[in-house]
Structures are given as structure tokens and as C-alpha cells.
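Asker:
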Amino acid sequence: MAMTDYLENKVLNAIFKGETYTGPSKFYLTLFTAGPDDTGGGTEVSDSAYVRQEIIFSDIMDGTVSNTNAIEFAPAAVNYGVITHIGIYDSQTGGNLLFYKQLAVPIVAGQSVGVSVQTGELTVSLD
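If you count the sequence shown from 1, position 73 lands on 76 in the working numbering, and the numbers rise without skipping.
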């Protein structure tokens, strides 16, 4: 996953400038129909049934973390469209985009179709 400028600046300032950065206590997976970039943006899914879903990460092993919980987005009340990207935020609403990734295979989430991520399928590493 790519790190956003927001998070890169926080990490670099902590390492090289000694500035304090306290990471978020919770993380949330989000779905996008148009991709964000290093500065944020993108088009997040908008639907009455859609809510960012909490991600619980594993302990760090070999520079990588992965989700320890199954992540389930409720079936869409309307057609979400084609989900092309995912992101990790530090808040369930608003907040800061920390990481994002384009999906290798876009997901078509039509009406009454949910989206799920199985345990261990979402990984983050700093390469």
C-alpha cells in the first residue's frame, strides 16, 4: 500500500525533527470508486448502508501487519459502482487517509451486494 504525504510527513518529522507523533488508536477501511493519491482525494463510496469498517491489525512481523478480523461492508442499498481502490483512515468519518491501494481486480458492488475482506488478506508494509 502507498503511504500518503500526510503520514510520510508525520513519520519523517518524528524521525528527523524529533516531533512527537502519536499514531491512531483505531483504523478504518474505506472503498473508493475513483482513486486517491498521495495528497488524498479520490471518491469514497456514498450510500446509506456504507460505513467505514474497523480494521484490527496483527503485531508487526518482518515489517508487515495484516488484518486479524474479517471486514464486512453491508450490502449496498444502491449500486456502489466499480470499486477501484481501498484506503486506510484514522477515523470512521472525516479524518486522515494514511494508506491507499489500487485493486488488482476492481470489485463491482451492485445493489444488495456486500464487500468483504477475509482475515489476513489486507497487509501493510513499509518497503
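Cβ atoms here follow ideal geometry from the backbone N, Cα and C, with glycine treated the same way.
None of the values given here were measured: they were computed from a predicted structure.
What residue does the beta strand (DSSP E) around residue 104 start on, and which one ends it?
Answerer: 100–112
Asker: Where does residue 18 sit, in a helix, a strand or coil, going by DSSP?
Answerer: helix
Asker: Put residue 125 into one of helix, strand or coil per three-state DSSP.
Answerer: coil
Asker: Leaving out the 5 sequence neighbours to the left and right, which residues in its chain are closer than 6 Å to residue 111 when beta-carbon positions are compared?
Answerer: For residue 111, where only same-chain residues beyond five positions count, the Cβ hits under 6 Å are 85.
Asker: Does residue 41 come out as helix, strand or coil in the three-state DSSP assignment?
Answerer: coil
Asker: Could you say which of 129, 116, 21 and 26 lies nearest to residue 76 if we only look at CA atoms?
Answerer: 116
Asker: If contacts are defined as beta-carbon pairs under 8 Å, then residue 73 and residue 122 qualify, I think. What distance do you get, rounded to the angstrom?
Answerer: 5 Å
Asker: In this structure, how does DSSP classify residue 70 when only helix, strand and coil are distinguished?
Answerer: strand
Asker: Measuring alpha carbon to alpha carbon, tell me which of 98, 66 and 50 ends up nearest residue 10.
Answerer: 98
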